[in-house]
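2 protein chains.
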Amino acid sequence: MFEFRVLAQDGAARRGLIRTDHGDLETPAFFAVATRAALKGVDPATARSAGSGSLICNAYHLAIQPGPELIEAAGGLHRFMGWEGVLATDSGGFQVFSLRHGQVADELKGRRRLPPAEGDPIDAVRVDEEGADFRSYLDGRRHRFTPENNMALQRSLGADLLFCLDECTPFHVPPEYTRAATERNARWARRCLEAFDSLAMGERQALYGIVHGGVYPELRRFSAGAMSELGFAGFGIGDCLGETKTDWYGLVELVCGLVPAGKPRHLLGVGEPDDLVEGALRGIDTFDCAMPTRIARHGHALHFGLPRCRLDLKKAERRGEDRPIEEGCPCSACSRFGRAYLHHLFRAGEMLGISLAAEHNLAFTNRLMRRIREAISDGRLEELRREIGN
Amino acid sequence: MFEFRVLAQDGAARRGLIRTDHGDLETPAFFAVATRAALKGVDPATARSAGSGSLICNAYHLAIQPGPELIEAAGGLHRFMGWEGVLATDSGGFQVFSLRHGQVADELKGRRRLPPAEGDPIDAVRVDEEGADFRSYLDGRRHRFTPENNMALQRSLGADLLFCLDECTPFHVPPEYTRAATERNARWARRCLEAFDSLAMGERQALYGIVHGGVYPELRRFSAGAMSELGFAGFGIGDCLGETKTDWYGLVELVCGLVPAGKPRHLLGVGEPDDLVEGALRGIDTFDCAMPTRIARHGHALHFGLPRCRLDLKKAERRGEDRPIEEGCPCSACSRFGRAYLHHLFRAGEMLGISLAAEHNLAFTNRLMRRIREAISDGRLEELRREIGN
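Residue numbers (my numbering), protein chains in the order written: chain A, 1 to 390; chain B, 391 to 780.
Here is the structure:
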């Protein structure tokens, strides 16, 4: 079962409800990232207490380790990883193609490399019309992803919500490359949907198409149109969204205006507090991002009213602070421990520091999503935007 | 407040109750090791759910980071680390002197070194009658431990149960060295108790003397006698206990027969399942050991009926095992996850694997302590010993 209903609107923003076999999800909602079937440093029961109702795993990583047969034999991903809430899987296209295009970090650091010619035998990833070949980062063995076998993979995993296989193009590639990829992604999306239907996955799972087109409005229009014609349960917004937030906002606004209003929209890989509000304002229903657990590993906690909403727990000024990470936060880390203790844990190299900061960061993000939902019901989302955006 | 009552006996073994300001502890009991005010990889609430009612921290490590002033300012160690149960602190003597004598690992690997002459300026630790000088492993600064300042340190930390400052001699030193250290430890114990009394710590805290003497029955008799004459609330058994378990058993039996019967006895650094039973059989009331959380970091889980009670979660045969770590274990790891998932977490390098294995290992150990207590009440501890000892 998969249903989506819009319950309230505030401009382009909407409050809604996604219903699945594994529970309901009030939207706008945040999917915490459990790439390898685990939240980094957080017990799923703790995440649940911190307000997380939905997780997203990565089909590529799980295909390589432990392998889909094993997860299927264990009764599917929900049971394997002890998660009773809503669960999504990303196709893994992003990870496969990051082998080809270099990591986002390379891009940020100016280590740009042009994409190799198609079929280049020494490249880690080879793409053709049929699919993509790549080498496992674990044992070097070759794997092949096609729209068809990726759907079969995601069926084995058994998440509630799946994404089509796509090539995600980075900012530094030439426009012609992005155009070709966007067009091929549309053809792959159709093949994904056909495979999804022929595997009769629709009873228990829902498939989202992904709108591509990089930073080019014309390609975004093309992709949104092509995806809208197909019978997807919802729409992801993927691919490169530009270098500045302004690019990003405009493209998301554009896409949300083009896809069918009655279907949910997921913005892939976005989770900064201000971005969650900006996305919701433009009609995004769900988000996912590894940031809350990733920054916890570096000793950073989310906190309203600070620059970029970040509190550095490792800084010397935390050393004697006898107050919680964030005053008024009801998470179990804030209700039991002071900043001085968290600071000590990071100084002493204790894993517990990472776990507590990650728990708080998830609780913070889930609390923000609830504020966004309430603001939409009250017609006050613009107000919340001004409050958060500092 | 500190009280100890014997409730039932089975030969030399006894079942009892320790009462403190922070709750009661049924004995025989296990103190989980939270060296730096944190259980490695386990939230204190999780440890509590897994049956842990008592933790032990290390005054030496906490003196260096974050420092006693800070913990005192935070309202003491209980509040600082969010622990509402019984809490002990070890003096840190063991850690200070391991700088002098080399680590236990050095000893096991045959890297024996003779203790340097007293006052040797290039040594990391200098001992004299007054106390011990050592360098911080963090910043190289010199610190000095004396019986008096160690008691003041442990008062600042505020645990319920403290241990005297002692020099812990390893197996490889000459007997004359052990004799001199044992005699000095007796003089230091008297000074600890005087400092403890003059600081009026007895209202809220209890001080344990530690019986030394290495593997020499004569020195053990001397030390047990000297400690028994002083008014300690309980007695630790420390120092080197020999190379084989048989040495160990005899020495513990000897010491338990010499210290006052109405006072609790703590065996320092012992936690293997069979050793817990063997210790209880000889009259030990409490134990502490880092093993349950340490082996979890290496992917090992405790399991009755296997060699050394160890299950290696990393082994390939775990890969597809769709059953809990240990059938019938009520811990939250066993009730939610299969071995295949734990195996996957260790393969994927996910911290969650360590946390879940550590939680199980604490639950296993606490469950064993309860079986020991029940066996004592039922006069069946010998039976349990035969069952465990495989």
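We treat Cβ as the ideally placed atom computed from N, Cα and C, and that holds for glycine.
Partners in chain A for residue i, counting only beta-carbon separations shorter than 8 Å
i	result
Tyr731(B)	Ala37, Ala74, Phe80, Met81 and Gly82
Gln455(B)	His344, Arg347 and Ala348
Secondary structure of residue i, DSSP reduced to three states
i	result
Asp664(B)	helix
Gly626(B)	strand
Arg282(A)	coil
Thr146(A)	coil
Thr293(A)	helix
Val517(B)	strand
Glu218(A)	helix
Arg141(A)	coil
Gly23(A)	strand
Pro116(A)	Because Pro116(A) carries a pLDDT of 49, less than 50, the predicted location of this residue cannot be relied on, and the following value inherits that uncertainty. It is coil, neither helix nor strand.
Asp197(A)	helix
Asp247(A)	helix
Arg525(B)	strand
Phe394(B)	strand
Arg323(A)	coil
His344(A)	helix
Phe97(A)	helix
Beta-carbon proximity check, residue i vs residue j, cutoff 9 Å
i	j	result
Thr417(B)	Gly401(B)	no
Gln65(A)	Ala747(B)	no
Met741(B)	Lys40(A)	yes
Ala296(A)	Asn361(A)	yes
Leu467(B)	Thr676(B)	no
Gly155(A)	His143(A)	Residue 155(A) is actually Arg in this sequence, not Gly. No, the Cβ-Cβ distance between Arg155(A) and His143(A) is not below 9 Å.
Lys263(A)	Ala224(A)	no
Pro607(B)	Gly628(B)	no
Gly743(B)	Gly710(B)	no
Ser54(A)	Phe163(A)	no
Asp550(B)	Phe392(B)	yes
Glu633(B)	Phe561(B)	yes
Val645(B)	Phe625(B)	yes
Ile210(A)	Leu157(A)	no
Gly441(B)	Arg757(B)	yes
Glu326(A)	Phe304(A)	yes
Residues near residue i by beta carbon distance below 6 Å, same chain, minus five either side
i	result
Ala453(B)	Leu543
Met201(A)	Arg155
Pro434(B)	Gly472 and Trp473
Thr572(B)	His602, Gly603, Leu609 and Ser613
Ala398(B)	Arg405, Ile766 and Ser767
Arg708(B)	Arg729 and His733
Arg36(A)	His61
Arg191(A)	Pro147
Beta-bridge pairing of residue i - partner residues as DSSP gives them
i	result
Ser54(A)	Val86(A)
Gln9(A)	Arg14(A)
Asp312(A)	His300(A)
Leu657(B)	Ile627(B) and Phe677(B)
Val211(A)	Ile237(A)
Leu161(A)	Ala88(A) and Ala206(A)
Val423(B)	Ile446(B)
Glu707(B)	Per DSSP, none; premise fails for Glu707(B).
Chain B contact residues for residue i, given Cβ-Cβ distances below 8 Å
i	result
Arg319(A)	Pro456 and Leu460
Asp166(A)	None at all; the shortest Cβ gap to chain B is about 24 Å.
Ser98(A)	Here the premise fails: no neighbours, minimum Cβ distance about 18 Å.
Contact set for residue i: own chain, Cβ-Cβ below 7 Å, skip 5 residues either direction
i	result
Glu520(B)	Thr536
Gly389(A)	Asp274
Ser332(A)	Ser49 and Glu359
Ser618(B)	Leu648, Val649 and Pro650
Phe94(A)	Cys168
Pro330(A)	none
Cross-chain neighbours of residue i in chain A, by beta carbon under 9 Å
i	result
Phe727(B)	Phe80, Met81 and Gly82
Lys430(B)	Glu350, Met351 and Leu352
Chain-order list of residues whose beta-carbon lies under 8 Å from that of residue i (same chain, five-residue window excluded)
i	result
Pro292(A)	Ala32, Gly271, Leu302, Ala358, Asn361, Leu362, Phe364 and Thr365
Gly231(A)	Leu193
Under 9 Å from the C-beta of residue i: neighbouring residues of chain B
i	result
Ser332(A)	Asp433 and Ala435
Asp139(A)	Within 9 Å Cβ-Cβ: nothing; Asp139(A) doesn't reach chain B, min ~12 Å.
Closer than 7 Å at the beta carbon, the chain A residues around residue i
i	result
Asp637(B)	Those within 7 Å of Asp637(B) in chain A number zero; the least Cβ separation is about 35 Å.
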